[in-house]
Each structure stands twice: as structure tokens, then as C-alpha cells.
Amino acid sequence: MRRRDFVNWVGLGVLASSLPVAIAACQPDTASAPDAAPAEGESTAAAPSRDDGFVQVGSVSALDESGSIAEQNVAEQQVVVIRDPSDTAAVLAVNALCTHQGCSVDWNPDAGVFVCPCHDSQFNPDGSVAQGPATAPLPTYDAKIEGDIVLVSVS
Ligand code: FES
-8 MRRRDFVNWV GLGVLASSLP VAIAACQPDT ASAPDAAPAE GESTAAAPSR
42 DDGFVQVGSV SALDESGSIA EQNVAEQQVV VIRDPSDTAA VLAVNALCTH
92 QGCSVDWNPD AGVFVCPCHD SQFNPDGSVA QGPATAPLPT YDAKIEGDIV
142 LVSVS
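This note's numbering numbers the first residue of the sequence shown as -8 and each following residue consecutively.
This is how it looks when you write it as C-alpha cells:
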């Protein structure tokens, strides 16, 4: 074998053996993206459902401390729970997505309405529209208190 043929043969071998490593190194890290950890304070895990269809979304003490409970995944629905202003022994639950364009509404206890931060629609505690541009009410769900637990059923 001539020297030039030998050098070409070795060079081709090195290139062929390193090609899979180079290809793997250029691949995007797709394995970690779907399982990326949620941002701090954000929960994307589904809350466990009971046999009666109700899902625990938090504690009464947490509800009373913050004024509302926002749960990101109650059977794939984004829900906000508040004390019923007309019966503080009861709780009300609405879908948190504004019916105008889908921003998440926040409970404003001072005004007594859910407020959308995007275009300032407002919704009454029963989900009805108090101020547009939204025209459709927020869907409501069954909600109740058992002991110190707040439960919601979206079925
Ligand atoms: Fe809520 Fe527009 S998305 S008012």
C-alpha cells in the first residue's frame, strides 16, 4: 500500500467513526423539552379526582388567606374558586379563561368581580358578564367545602 493510499484510508476511517458522534451532538435536546419543570409556583399536574368526580383544589384556610384559589388543571380545565359573596359558607368556581380571547381572569375581592387583564372584561361571581368586551359568561362548576378542603367538579 502506498503512503498516500494509507493516509486516505486512515482519514476516511476517522471520519466514518466520528460521524455518529457529530450527528448526535447536533440533535436538539428534544427529550427534556416536554418534561421541562414548570415555572416556580406553576403546577401543570392534574389534581387527583375522587370517585364522585370532585377534585381537591386547595384548603379553606388557603382560600381565605388569598381570597381565591387558582387551579391550572382540574380535568384539563383552568379553574378559579372564591367564597360566594352572598353566602360565605359556600364557594363558587368558574372557568378562569376569559370568553373574549382566552386570557386568565383574576378575582378582585374589593370590586367583587373577576377581571381580565387583557382587555378589562369583568365577570360577576356567578360568571355572568359585568363589563365587556366579553359577551359570553364564564362557565361555572360545582364547588363545595368538606372540612378544610375545597372541592370542584367540572363534569
Ligand atoms: Fe379578556 Fe379580552 S381576553 S377581555
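Just so it is clear, CB atoms sit at the ideal spot from N, CA and C, and this is done for glycine as well.
Only a predicted model underlies this, so the values are computations on that prediction, with no experimental measurement involved.
Residue 99, buried or exposed, once every other Cβ within 10 Å from all chains shown has been counted against 16: Looking up residue 99 in the sequence shown gives position 108. The residue in question, residue 99, is exposed, as its Cβ has fewer than 16 Cβ neighbours within 10 Å.
Starting from the Cα of residue 127, find the closest Cα among 144, 141, 93 and 97 and give me that residue. Mapped onto the sequence shown, residue 127 falls at position 136. For the options 144, 141, 93 and 97, the alpha carbon positioned closest to that of residue 127 is the one of 93.
Where DSSP assigns a beta bridge to residue 129, which residues make up the other side? For this step, residue 129 is matched to residue 138 along the sequence shown. Residue pairing by DSSP leaves residue 129 without any beta bridge partner.
Would you mind stating whether residue 145 and residue 70 have Cβ atoms separated by less than 8 Å? Here residue 145 refers to the residue found at position 154 when the sequence shown is read from its first residue. Here residue 70 refers to the residue found at position 79 when the sequence shown is read from its first residue. The answer is yes: Cβ separation under 8 Å.
Taking all protein chains shown into account, do 16 or more other C-beta atoms lie within 10 angstroms of the C-beta of residue 74, making it buried, or fewer, making it exposed? Along the sequence shown, one-based indexing puts residue 74 at 83. A residue is called buried when at least 16 other Cβ atoms come within 10 angstroms of its Cβ; residue 74 meets this threshold and is buried.
Boundaries (first-last residue) of the alpha helix (DSSP H) holding residue 97: The residue you call residue 97 lines up with position 106 of the sequence shown. Per DSSP, residue 97 belongs to no alpha helix (DSSP H); it is in the beta strand (DSSP E), 97 to 99.
Mind listing, in chain order, the residues whose beta carbon lies closer than 5 Å to a non-hydrogen atom of the ligand FES? Those residues having their beta-carbon less than 5 Å away from any non-hydrogen atom of the ligand FES are, in chain order, 89, 91, 92, 94, 107, 109, 110 and 112.
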